Every structure is written in C-alpha cells, then in structure tokens.
Amino acid sequence: DTAVSQTPKYLVTQMGNDKSIKCEQNLGHDTMYWYKQDSKKFLKIMFSYNNKELIINETVPNRFSPKSPDKAHLNLHINSLELGDSAVYFCASSQERTSGRRSYNEQFFGPGTRLTVL
Amino acid sequence: LAKTTQPISMDSYEGQEVNITCSHNNIATNDYITWYQQFPSQGPRFIIQGYKTKVTNEVASLFIPADRKSSTLSLPRVSLSDTAVYYCLVGPLDNFNKFYFGSGTKLNVKP
C-alpha cells in the first residue's frame, strides 16, 4: 500500500492555466505538507497544514493555495501558471511520536509531480 | 532557519563505510538533526534522526558531538543502491517549516 500518493505524476500545461495536484496519505498523520524542488534540486517547503493551522512560507505566491477536504488529503491549486512554476512538487505527511523517552518525527514523501509549464 | 553545510559530493566503493559530515553551527536548543535520502525521480526518504550522542538503526548510525554543531551520518558497507543524494536537516520536531533542505551530498558508490 502506498503511504503518500500524488496525482498526476506528470503535468504539462500552458502558461496562464489553472491546475491542481492531489495528495492523499493513508498513514493517519495529522500534518501534511507541500514542497517544491527546482531544477537545482533545492527542496523548499511551501505549506504545512493540520486540522488547526495552515502555515504558509512567505515566499510562496498567492497563486498557490492548499485545500484540505479531509485529514487524509491536501491538494495544491495553482492559478495563472507561470514558466517559473515548472518544478517537481512533493507532498509529505508526518506526525510527532514518542517512543520511551525519545521523541521523533519523520516525514513521509510522495513520489512527486513533475509540472512543466510551456 | 538553522542552515546546514555538507560536501557537495562524495565517492565510495562497494563494501566501504561512508561517513558524511554536516555542519550546523547555529543549531538551537530544541532542534533535532534528521537525515534523508533521495533517489532520482523519487521523494526523499527518512534515514535517521537524533538529538545528541549516538543513534543507530538498521540502515545507519548518527553521531552527534557534545556541542551539536555538527553531525556525521555513517553508512556501513555501502552498495551500489546507496547511490543517492543525502540531506541533513536541523529543526524542531513540531515545526517542519523551520527545517532547511540544503543542496545535499551526492554519494556515488562505485563497483
């Protein structure tokens, strides 16, 4: 079973279009994220969201908006796509846990969606 | 953000132990150190996480000195399939917005 899944895997579209990328996690985690990985392979967090709070990276344009229909889904909507939006977008989820005296929190990433804007 | 510095790339041979060091001079008291592995065309995968001294799991060990300004990921007996990019991240467990993915270390394992 896939822990974090994304659709579509590839998305090719024209400038100015509006598109969405879907993300689902079946891990029961309470926090989900969207990351952008550019051509230089730098991974930058865009959003984190749980049922209480949406945290937006201040560098993310407001053309990008996350929408969570339920705890297991966090979709990414992008309006008025630009050439610079071309990248790989990763969804992730996590939940902080305690084992004995240790706390830990690992993120589980989806397979990524390669967005190409022409 | 607690930024990290890692070597851009490393070469190794199959069967060798590989140690990748990460510098994080401005680590905060409540920050943890986490390492991820990423293969081409895949999302990052968690390897190990620790706060101090030494942490070991089935795939790696993480060594953290007392001042916590650096950490070393140790991969025992690497194989060709360990060729990947390894990221060192530093931040609090309850806020991944404060984790910074740097450029990572590209490990190339040769036969």
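Going down the list, the protein sequences come from chains A and B. Under the working numbering, the letters of the first sequence match residues 1014 to 1131, in that order. Under the working numbering, the letters of the second sequence match residues 2 to 112, in that order. Backbone N, C-alpha and C define an ideal beta-carbon position, used for all residues, glycine too. Since the structure is predicted, the reported quantities are computational estimates derived from the model, not experimental observations.
Interface flag, residue i vs chain A, CB-CB below 9 Å
i, result
"Val69 (chain B)", "Looking at the sequence shown, residue 69 (chain B) is not Val but Arg. Not an interface residue."
"Asn96 (chain B)", "yes"
"Ser1 (chain B)", "Nothing in the structure corresponds to residue 1 (chain B), since chain B is present only between 2 and 112."
Alpha carbon of residue i to alpha carbon of residue j, nearest angstrom
i, j, result
"Gly113 (chain B)", "Glu59 (chain B)", "The question about residue 113 (chain B) has no answer, for chain B in this structure spans 2 to 112."
"Ala85 (chain B)", "Ile21 (chain B)", "12 Å"
"Gly1125 (chain A)", "Ser62 (chain B)", "28 Å"
"Val1189 (chain A)", "Ile1091 (chain A)", "As shown, chain A starts at 1014 and ends at 1131. That puts residue 1189 (chain A) outside it, with no answer to give."
"Pro112 (chain B)", "Met11 (chain B)", "14 Å"
"Glu1109 (chain A)", "Phe64 (chain B)", "22 Å"
"Gln39 (chain B)", "Met1028 (chain A)", "30 Å"
"Ser1078 (chain A)", "Lys1053 (chain A)", "24 Å"
Rounded distance between the beta-carbons of residue j and residue i, thought under 8 Å
i, j, result
"Asp83 (chain B)", "Val56 (chain B)", "At roughly 19 Å, the Cβ-Cβ gap does not stay under 8 Å, so Asp83 (chain B) and Val56 (chain B) are not in contact."
"Val1130 (chain A)", "Thr1026 (chain A)", "6 Å"
"Phe102 (chain B)", "Tyr88 (chain B)", "5 Å"
CB contact check: residue i to chain B, cutoff 9 Å
i, result
"Glu1037 (chain A)", "no"
"Thr1044 (chain A)", "yes"
"Val1017 (chain A)", "yes"
Just checking, does the segment 3 to 18 of chain B make contact with the segment 76 to 93 of chain B on the three C-beta pairs under 8 Å criterion?
yes
Interface positions of the segment 1054 to 1072 of chain A facing chain B (Cβ-Cβ less than 8 Å), listed along the chain:
Under the 8 Å Cβ criterion, the segment 1054 to 1072 of chain A contributes Lys1054, Phe1055, Leu1056, Lys1057, Ile1058, Ser1061, Ile1068, Asn1070.
Decide yes or no for the touch test of the segment 92 to 112 of chain B against the segment 24 to 42 of chain B: beta carbon pairs closer than 8 Å, at least 3 of them.
yes
Does the segment 1112 to 1123 of chain A come into contact with the segment 1084 to 1101 of chain A, if we say contact requires no fewer than three beta-carbon pairs (one atom in each stretch) closer than 8 Å?
The segment 1112 to 1123 of chain A, when compared against the segment 1084 to 1101 of chain A, does not touch it at the 8 Å Cβ threshold.
Using 8 Å as the Cβ pair cut-off and three pairs as the minimum, do the segment 1071 to 1087 of chain A and the segment 1033 to 1047 of chain A touch?
yes
Across the segment 1018 to 1026 of chain A and the segment 1052 to 1061 of chain A, are there enough close Cβ pairs to call them in contact, namely three or more that are closer than 8 Å?
Not touching, per the Cβ criterion.
Would you call the segment 44 to 61 of chain B in contact with the segment 1119 to 1126 of chain A, where contact means no fewer than 3 C-beta pairs closer than 8 Å?
yes
Contact set between the segment 1114 to 1125 of chain A and chain B, restricted to residues whose Cβ is under 7 Å from the partner
Ser1116, Tyr1117, Asn1118, Glu1119, Gln1120, Phe1122, Gly1123, Pro1124, Gly1125
Where the segment 1094 to 1106 of chain A meets chain B: residues whose CB sits under 9 Å from a CB there:
Val1101, Phe1103, Cys1104, Ala1105
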